[in-house]
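Just so you know, the sequences run in chain order A and B. One rule links them: number in my numbering = place in the first sequence (from 1) + 2. One rule links them: number in my numbering = place in the second sequence (from 1) + 2.
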Amino acid sequence: METLDIELPRMALLYGLCLLPWLLLWLIGLRLSRDIGISILRMSIQLALVGIYLKMLFNLNNPWLNGLWILMMLLVADLSILRRAGLKARYFALTTFTAVASSILFSTAYLVILVIQPTHYYDARYLVPLAGMILGNCLQGNVIALERFYSALRKNENEYATFLMLGATRWEAVRPYYRDAVKAAINPTIAGMATMGLVSLPGMMTGQILGGSEPWLAVKYQIAIMICIFTSTTLACIINLKLSLKIAFNSFDVLRDEVIEKP
Amino acid sequence: MSPIIRFDQVSVTAHGKTILSNISFALFPGEKAVLCGKSGSGKSSVLRTLLGLHPLQLGTVYFQEKPLTPLSVQTIRSCTVYIGQEPMLGAESVRDALLLPFQFKAHRDNRPTETQLIEVLQRLQLPADILCRQSNRISGGEKQRIALARGLLLGKKLYLLDEVTSALDAESKKAVFDVFSDPNLTVLSVAHDPEWLERCGIVFELEAGRLTQVKRHGNP
C-alpha cells in the first residue's frame, strides 16, 4: 500500500486553506498577517531542509553520520532545556547533557537493539525518528523539572532554610521540592498514556497508518514509543536534578544566586 | 569556660552590599543576649551568618571554639534552634510539624512520645488538640510557640530567636520567658520588646552593620 503523493498544484491548494482563518482573524480585528506568514514560511523551509537531510541520511545510512545527527540533536536539546528553564548553560550544560544523553541512549538502544532488532542496529530509518521522538518529549519533561525545582527553592527559601536548621542534610531539605518537580515533569506523560487513543489518535500511529502500515503494527510501535518516552523522561529528570544539586549550591548548602538566569 | 559563640572581626556582604562590618563579640554558655538597633542594622544577619547562610567576607565565626566551615556547619545547625519572625512549620498538620526534624537522619532515633509532645505544648500554654490542626490555620503567635516547642523536643541548648515574642499575648509571653529562665539554655536574640530586653543579661547595639555598644545587666 503506497501513500498518495501530494503534487505541487495540490500543495498550493493546501496553503490556500490558510486563507480562511487568516480572513476570519482579520475580520475580528486581529492583525496577525505578519506572524502567520512568517510561521508558515518557517515551517515550510525548516521541514524542507529536514526532508533533504533525512533523505541523505537514509540513503547513506552510515553509523557515524547517524550518531553525529543524534549528538547534534542532544546538544541543541541541552541548550534549549536550560534556556527555557532559566538556568545558566555555563553551569549546567554538562550535567543536563549527561542526564539527557544517557537516558535517551539507554531507552533508544533498548528499543532498537532488544525489541525491534533491525538487521543493522544503526539503521537510520529506526534510529533517527525514534531517538528524535523520545528526545522531544524528554526535553519538555526536563524543562518542567528544572524550572519547577529551582523556582520552588527560591520561592520557599525560608522553608528550605528551616529544614536545614532542623538538622536536615542538603538532600533531605530539597527532597520535597525534588519530588514535586519530578512528579510535575512526568505527569503529562502518565496522563497522556491513560487517555491515548480515546482523546486523540497519537501522531506517530497516525503517521504509520498513513504510511501504509497495518493498524495493529502501528499500535505496537506507539506503545513502544510511549514506554520509552516515559522511561527516558523519568530517568533524565531524576538524574538531571540530582546532578544539578552539586553545582547549584555553595558549600554551606545555600542556593547560589549566580547560577540562575535573571529574568 | 570557653565561649559557645565567638565572632572575630566578621564582615559580611550580600548582593554587593556590606551587611556586617568588623563585628566581634563572644557569648558564653547560659548567657542570654539580645541584638537591638534600627531595622536594616544587621541584627538578623548576625543570626543568619552564624548558621552559614551568609558567606563571610572577612573574619571568623567560632562555635564552641571551632571555626565555621562547610564541614562544621552541620554541627552548628544541629545544635541550634533558629526561630524567625514568621516561623515556617514545613508540614501540613501541627503534629507533623513537631515531628518533622525526627524524619531527618540527624534526629531519627530520638522521636518523642505522644506524652512528651503534649507536655511541651502545655509548657508553652498551647492546648493538646492543636496537634490535629492544620499549620495554615494557626495564628502567628501559636506558630512561634510551636517552632519553640520543636526546639525543646530536640533538646537543644542554643536558641537563636528573631522577634520571637512579637506576636504573643502577656500570658504566652510569660510562658516563653519561663522556658528561657533555664540557666542551661543559651540565647542570642533579636528584639525590640522592652520586657524581653530587660530579661537579657547582655544587650548588643548595632548600627549600620557595626557593633556600637555592649551593655551588661547584673543578672544574666
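Note that beta-carbon positions come from the ideal geometry of N, C-alpha and C, so glycine has one too. Being a predicted model, the structure only gives us computed values, none of them experimental.
Within chain A, the residues that residue i reaches when beta carbons sit closer than 8 Å
i, result
"residue 55 of chain B", "163, 254 and 256"
Interface flag, residue i vs chain B, CB-CB below 9 Å
i, result
"residue 260 of chain A", "no"
"residue 167 of chain A", "yes"
"residue 149 of chain A", "no"
"residue 174 of chain A", "yes"
Beta-carbon proximity check, residue i vs residue j, cutoff 9 Å
i, j, result
"residue 195 of chain B", "residue 165 of chain B", "yes"
"residue 238 of chain A", "residue 104 of chain A", "yes"
"residue 189 of chain B", "residue 35 of chain B", "yes"
"residue 46 of chain A", "residue 136 of chain A", "no"
"residue 58 of chain B", "residue 78 of chain B", "no"
"residue 82 of chain B", "residue 161 of chain B", "yes"
"residue 41 of chain B", "residue 16 of chain B", "no"
"residue 7 of chain B", "residue 14 of chain B", "no"
"residue 248 of chain B", "residue 70 of chain B", "This structure does not reach residue 248 of chain B, given that chain B is present from 3 up to 222, and the question cannot be answered."
"residue 8 of chain A", "residue 21 of chain A", "no"
"residue 26 of chain B", "residue 67 of chain B", "no"
"residue 147 of chain A", "residue 196 of chain A", "no"
"residue 191 of chain B", "residue 37 of chain B", "yes"
"residue 247 of chain A", "residue 184 of chain A", "no"
"residue 163 of chain B", "residue 193 of chain B", "yes"
Interface flag, residue i vs chain A, CB-CB below 9 Å
i, result
"residue 3 of chain B", "no"
"residue 75 of chain B", "yes"
"residue 102 of chain B", "yes"
"residue 189 of chain B", "no"
"residue 105 of chain B", "yes"
"residue 194 of chain B", "no"
"residue 156 of chain B", "yes"
"residue 152 of chain B", "yes"
"residue 17 of chain B", "yes"
"residue 83 of chain B", "yes"
"residue 222 of chain B", "With a pLDDT of 42 at residue 222 of chain B, under the threshold of 50, the modelled position of that residue is not reliable, and no figure is offered here."
Best match in the options for proximity to residue i [C-alpha to C-alpha]
i, options, result
"residue 94 of chain A", "A:165, A:70, A:236 and A:145", "A:145"
"residue 65 of chain A", "A:87, A:83 and A:124", "A:124"
"residue 100 of chain B", "B:123, B:84 and B:23", "B:123"
"residue 113 of chain A", "A:21, A:228 and A:67", "A:228"
"residue 77 of chain A", "A:204, A:115, A:106 and A:50", "A:106"
"residue 80 of chain B", "A:170, A:162, A:219 and A:47", "A:170"
"residue 259 of chain A", "B:37, B:87, B:55 and B:160", "B:55"
"residue 110 of chain A", "A:154, A:97 and A:130", "A:130"
"residue 129 of chain B", "B:97, B:107 and B:187", "B:97"
"residue 241 of chain A", "A:98, A:108, A:249 and A:213", "A:98"
"residue 157 of chain B", "B:207, B:108 and B:209", "B:108"
"residue 254 of chain A", "B:75, B:45, B:135 and B:6", "B:75"
"residue 30 of chain B", "B:211, B:203 and B:208", "B:203"
"residue 169 of chain B", "B:92, B:182 and B:148", "B:148"
"residue 88 of chain B", "B:182, B:138, B:131 and B:39", "B:138"
"residue 262 of chain A", "A:44, A:138, A:62 and A:152", "A:152"
"residue 202 of chain A", "A:216, A:213, A:138 and A:224", "A:224"
"residue 164 of chain A", "B:85, B:118 and B:206", "B:85"
Neighbour list for residue i in chain A, Cβ cutoff strictly below 7 Å
i, result
"residue 80 of chain B", "169"
Contact set between residue i and chain B, taken where Cβ atoms lie within less than 8 Å
i, result
"residue 160 of chain A", "86, 88 and 90"
Buried/exposed call for residue i, threshold 16 Cβ in 10 Å
i, result
"residue 256 of chain A", "buried"
"residue 11 of chain B", "exposed"
"residue 103 of chain B", "buried"
"residue 150 of chain A", "buried"
"residue 18 of chain A", "exposed"
"residue 116 of chain B", "exposed"
"residue 216 of chain B", "exposed"
"residue 204 of chain A", "buried"
"residue 179 of chain A", "buried"
"residue 214 of chain B", "exposed"
"residue 11 of chain A", "exposed"
"residue 219 of chain A", "exposed"
"residue 58 of chain A", "exposed"
"residue 114 of chain B", "buried"
"residue 140 of chain A", "buried"
"residue 221 of chain B", "The predicted position of residue 221 of chain B is uncertain, since its pLDDT is 48 and thus under 50; a value taken from the coordinates is nonetheless stated next. Its Cβ having fewer than 16 others within 10 Å, residue 221 of chain B is exposed."
"residue 35 of chain A", "exposed"
"residue 52 of chain A", "exposed"
Within chain A, the residues that residue i reaches when beta carbons sit closer than 9 Å
i, result
"residue 72 of chain B", "252, 253, 254 and 255"
"residue 108 of chain B", "168, 169, 170, 171 and 174"
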